[in-house]
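Everything below concerns the one structure shown next.
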Amino acid sequence: MAFTPIPKCGNCFDVGWVCENHPYCPWDRTKPRGCECGAGIPCPVCNLADADNPARPSTGFSGREAMDTMTIAFIGGVIAVTLAGLLWLVVAL
Numbered sequence: 171m172a173f174t175p176i177p178k179c180g181n182c183f184d185v186g187w188v189c190e191n192h193p194y195c196p197w198d199r200t201k202p203r204g205c206e207c208g209a210g211i212p213c214p215v216c217n218l219a220d221a222d223n224p225a226r227p228s229t230g231f232s233g234r235e236a237m238d239t240m241t242i243a244f245i246g247g248v249i250a251v252t253l254a255g256l257l258w259l260v261v262a263l
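The number in the working numbering is simply the position in the sequence shown, starting from 1, with 170 added.
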């Protein structure tokens, strides 16, 4: 029997990202409750971002992909824009 470690984050199962449409579902279909029907956003439980601490890339994300990737997240009245894995803009509404 294989040992399955208990995830540190029960919201995203340690992926670090969740489905934009379902922020309680990991952005990885291989995980329990996994969903990829929307864009990925940083997990609001374990992958919080601010001007000094950008969200960490999702698992399986290479640096080459990150250089071409822009993410716009709207969580709790805050818009965060990341480009190349770095937080560039935070606007509180």
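Here a beta-carbon is modelled for each residue, glycine too, at the ideal position from N, C-alpha and C. Since this is a predicted model, take the numbers as computed values, not measurements.
Rounded separation between residue i and residue j - CA only
i    : j    : result
R199 : I176 : 18 Å
F183 : H192 : 14 Å
P212 : D222 : 15 Å
V215 : N181 : 7 Å
I249 : I242 : 7 Å
E206 : P196 : 8 Å
R226 : V188 : 12 Å
Proximity to residue i [Cα-Cα], best of the options
i    : options                : result
A219 : F183, N181, F244       : F244
P224 : C179, G186, W197       : G186
P202 : A250, Y194, E190       : Y194
E190 : N217, K178, G210, G204 : G210
Enclosing beta strand (DSSP E) for residue i [first to last residue]
i    : result
F211 : Reading off the sequence shown, one finds Ile at residue 211, where the question assumed Phe. Start and end: 210-212.
C189 : 187-189
Close beta carbons around residue i, own chain, < 8 Å, minus the five adjacent residues each side
i    : result
K178 : D184, C216
Spatial neighbours of residue i in its chain, beta-carbon cut-off 6 Å, leaving aside the 5 residues before and after
i    : result
G204 : P196, D198
G208 : C189, E190, N191
Test: residue i CB closer than 7 Å to a CB of chain B
i    : result
V188 : Note that chain B does not occur in the displayed structure, where there is just one protein chain.
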